[in-house]
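Novice: Same order as they appear, the protein sequences are chains A and B. In this text, residue positions in the first sequence follow this note's numbering: the first is 17, and each later residue adds one. In this text, residue positions in the second sequence follow this note's numbering: the first is 2, and each later residue adds one. Each residue gets a CB set at the ideal place from its N, CA and C atoms; glycine is no exception. Keep in mind the model is a prediction, meaning the values are calculated, not measured.
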Amino acid sequence: MDKTEILIVGSGPAGLKGALAAAGQGARVTLVERDPFLGGQLVKQTHMFFGSKEHYASERGFKIAEKLGKAVKEDPNINIYENTTVLGYYEDGVLSLEKEGKFSTIKPEALIMATGAQENTLMFPNCDLPSIYGAGAVQTLMNVHGILPGKKVAMLGAGNIGVIVSYQLLQAGVEVLAIIEALPNIGAYHVHASKVRRMGVPIWTSHTVLSAHGRETLEKITVAEIDADFKPLAGTEKELEVDVLCIAVGLTPLTEILFQAGCRMAYIPELGGHVPLCDETLETSVKNIFVAGDVSGIEEASAAMVEGTLAGLKAAYNLGYGRDSYGELVKAARLELDALRRGPAGEKIRSGLERLNLAGKEAS
Amino acid sequence: MLSKSGVPEKKQIEEVMPSKERLASGPVVIVECFQEIPCDPCYTSCKQGCFLPFEDINDLPRMDFEKCNGCGICIGACPGLAIFIVDETYSENQALLSIPWEFKPVPAEGDIVEGLNRKGETVGQVRVKKVRPSAKKSTTHVLTLEVPKDLAHEVRSIKVKQ
């Protein structure tokens with residue numbers, strides 16, 4: 017069995033920043049990544065990021081992955097296991113790992129779960145036809161593997177992911193027939209919506225997909241307008257001939273290990289589902305188990321990076337590292353995180369966190 | 002409505018428009034950013050002081066148009082691709098319009114392309130006057146287009162024939 021001071025699961029924006037923060041304080045870190053490369057979802061983000069200089073604003077996600085990945089690889093305090101999946105958490109604090117068919121175990125003194133989230137899906141007749149994808153899967157096909165998903169696409173969901181992937185499909189030369197959104201308003205940043213709109217892609221709010229059709233694979237979809245109760249309005253049905261349907265209807269935090277570890281969880285719809293109760297430094301109800309990024313609630317990558325920093329600092333502090341600088345560094349990171357969430361765009365996350373806090377108070 | 006269709010309303014455009022006098026005096030920036038999101042590279046990229054300091058990262062950009070010299074550095078810095086430069090003094094009938102461009106093919110200088118409005122509809126033919134990367138190694142290009150004056154505030158994208 018291996019031992020490590022801090023084990024970080026997932027090398028997306030939260031995991032990378034967490035590793036750098038903890039290692040920067042002198043702690044020995046093991047960073048585990050399921051993919052054969054570091055970066056998590058950053059590697060397929062070809063658009064420029066929002067935020068401020070501290071969050072690499074105006075840089076493209078895959079460039080941020082390169083930059084942070086390089087820093088992590090050059091840090092002598094960080095040991096990297098790529099191609100490695102965490103399988104489970106045991107009562108004695110041991111985690112089991114699988115790397116290229118080989119099983120091993122590791123016992124960390126502190127654990128930071130930065131596992132991210134998985135895509136939600138939607139049920140409708142024939143929703144299992146080939147060529148109906150999660151939007152994130154299409155992004156991986158295109159931007160990681162260089163494979164076009166098809167020629168004519170409909171996007172279901174006008175949140176940031178749906179709109180950004182639509183833009184990237186256009187960049188790859190794929191026709192996007194429409195972005196279909198059940199809610200009455202676009203969830204994506206409006207500037208993202210405007211940039212696909214001026215390339216001629218219509219956005220249909222208060223619409224949904226009723227059914228998909230095709231023999232071997234997707235050939236067309238039926239779309240209709242819906243009322244305030246999400247009921248289809250008779251007579252508004254129209255058919256779209258598409259060979260791909262992308263589904264971008266939200267994300268759910270990947271929390272299985274946290275449940276196994278006995279972390280207290282709460283169901284908070286604004287945060288994407290079950291999330292762990294945690295304090296201001298992302299420490300869960302189980303001492304020395306932390307979360308960072310989407311696993312703690314679905315949010316932007318900029319916030320994930322700051323959460324990673326907070327969790328990394330506190331995990332190192334708990335093990336006796338960075339006693340002098342801890343207070344100041346945490347304060348700065350907290351201010352950054354609060355600033356990112358302060359505006360109208362942060363309303364959903366703020367109300368989710370408020371509910372999570374209440375759940376925490378009730379539990380204690 | 003912007004939040005339903007992605008197309009800003011006329012009133013919103015008017016509110017971010019520099020004055021007629023300023024437009025008539027030379028190249029100037031137009032920032033079509035209408036939603037408070039945590040983002041400030043327009044302000045940090047501008048060397049002229051045209052973007053007033055952000056008190057909060059969620060602020061909308063506030064401008065001192067007198068300080069803008071039309072350099073266009075903000076065009077490629079804006080992650081939302083929401084910044085344009087218009088020069089109404091270019092000629093009697095034409096204005097220059099600079100837009101961000103992240104598609105292939107990148108048109109060549111001298112090409113005639115279709116000018117698209119904010120809905121993606123073709124509103125006229127425009128000539129590509131200048132093509133440059135927005136910054137060193139940047140993959141966002143800045144295209145400067147010759148557009149009929151009455152379309153300077155309509156055209157916001159182009160369509161290049163493959």
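For B:R157, does the three-state DSSP call read helix, strand or coil?
Specialist: coil
Novice: For B:Q95, does the three-state DSSP call read helix, strand or coil?
Specialist: Reduced to three states, the DSSP call for B:Q95 is strand.
Novice: Exposed or buried, A:Q57, counting other C-beta atoms within 10 Å across all chains shown (16 or more means buried)?
Specialist: buried
Novice: Over the uninterrupted beta strand (DSSP E) stretch that includes A:K115, give me the two end residues.
Specialist: 111-115
Novice: Identify the continuous alpha helix (DSSP H) that holds A:R231 and give its terminal residues.
Specialist: First-last for A:R231: undefined, no H or E at that position.
Novice: Counting only beta-carbon separations shorter than 8 Å, does A:Q61 have a partner in chain B?
Specialist: Chain B, which has no Cβ nearer than 8 Å to the Cβ of A:Q61, makes this no.
Novice: Is any beta-carbon of chain B found at less than 8 Å from that of A:F66?
Specialist: Against chain B, the CB of A:F66 has a partner CB under 8 Å away; the residue lies at that interface.
Novice: Using the beta-carbon of each residue, which ones in chain D are nearer than 9 Å to A:M215?
Specialist: Protein chains A and B are contained in the structure displayed, whereas chain D is not.
Novice: Please state the DSSP three-state secondary structure of A:F65.
Specialist: Three-state result, A:F65: coil.
Novice: Since A:D18 is in the alpha helix (DSSP H), which residue starts that stretch and which ends it?
Specialist: Element bounds for A:D18: not the alpha helix (DSSP H) but the beta strand (DSSP E), 18-25.
Novice: Please list, in chain order, the residues of the segment 38-51 of chain B that have any C-beta partner in chain A closer than 9 Å.
Specialist: I38, P39, C40, D41, P42, T45, S46
Novice: Which residues bound the beta strand (DSSP E) around A:D354?
Specialist: A:D354 -> not in any beta strand (DSSP E); alpha helix (DSSP H) instead, spanning 342-358.
Novice: Less than 8 Å between C-beta atoms, sequence neighbours within five positions excluded: which residues of the same chain meet that for A:Q134?
Specialist: L267, T268, L270
Novice: Determine, for B:F85, whether the minimum Cβ-Cβ distance to residues of chain A falls below 8 Å.
Specialist: no
Novice: Can you name the residues that DSSP bridges to A:P292?
Specialist: A:M281
Novice: Counting only beta-carbon separations shorter than 8 Å, does B:S26 have a partner in chain A?
Specialist: no
Novice: Taking only the alpha-carbon atoms, compute the straight-line gap between B:C43 and A:T252 and give it to the nearest angstrom.
Specialist: 42 Å
Novice: Classify A:A264: buried if its beta carbon has 16 or more other beta carbons within 10 angstroms, exposed otherwise.
Specialist: buried
Novice: Tell me whether the beta-carbon of A:V311 lies closer than 8 Å to the beta-carbon of A:G132.
Specialist: yes
Novice: Measure from the C-beta of A:Q155 to each C-beta in chain B and report whether the shortest distance is under 8 Å.
Specialist: no
Novice: Any residues in the segment 145-178 of chain A with a beta carbon nearer than 7 Å to a beta carbon of chain B? Which ones, in chain order?
Specialist: none
Novice: Under 9 Å between beta-carbons, which chain B residues line up against A:N201? List them in chain order, please.
Specialist: M2, S4, K5
Novice: Does the CB of A:Q187 have a neighbour CB from chain B at under 8 Å?
Specialist: yes
Novice: Leaving aside the five residues before and after A:E49 along the sequence, list all residues of the same chain whose C-beta is less than 6 Å from its C-beta, in chain order.
Specialist: Cβ neighbours of A:E49 beyond the five flanking positions: S27, E98.
Novice: Please identify the residue among A:L261, A:A240, A:R214, A:P92 whose C-alpha is closest to the C-alpha of A:A151.
Specialist: It is A:L261 whose Cα lies nearest to the Cα of A:A151.
Novice: Below 8 Å on C-beta distance, what does A:L318 contact in chain B?
Specialist: Looking at the sequence shown, residue 318 of chain A is not Leu but Ser. Here the neighbours are P39.
Novice: Going by DSSP in three states, A:M139 sits in which element: helix, strand or coil?
Specialist: coil
Novice: Using C-beta distances below 6 Å, list every residue in its chain close to B:Q126, excluding the 5 sequence neighbours before and after it, in chain order.
Specialist: I113
Novice: Taking just the CA atoms, how far does B:P19 sit from B:F55?
Specialist: Going from the Cα of B:F55 to the Cα of B:P19 covers about 19 Å.
Novice: If you measure from the beta carbon of A:Y72 to each beta carbon in chain B, is any gap under 8 Å?
Specialist: no
Novice: Cutting at 6 Å between CB atoms, please list the residues of its own chain near A:A39, excluding the five before and the five after it.
Specialist: So the list reads V45, D91, N93, I94, once near-sequence residues are dropped.
Novice: Look up B:P108 in the DSSP assignment and say whether it is helix, strand or coil.
Specialist: coil
Novice: Where do the N-terminal and C-terminal ends of the beta strand (DSSP E) with A:P124 fall, by residue?
Specialist: 118-129
Novice: Mind listing the chain B neighbours of A:V88? Cutoff is C-beta to C-beta under 8 Å, in chain order.
Specialist: For A:V88, no chain B residue has a C-beta closer than 8 Å to its own C-beta; the minimum C-beta separation is roughly 23 Å.
Novice: Could you work out which residues of chain B lie near A:A264, taking near to mean beta carbons separated by less than 8 Å?
Specialist: By Cβ distance, chain B contributes nothing, its closest Cβ being about 15 Å from A:A264, past 8 Å.
Novice: Closest to B:L146 by CA distance: which of B:S99, B:T45, B:E15 is it?
Specialist: Of the candidates B:S99, B:T45, B:E15, the residue whose Cα lies closest to the Cα of B:L146 is B:S99.
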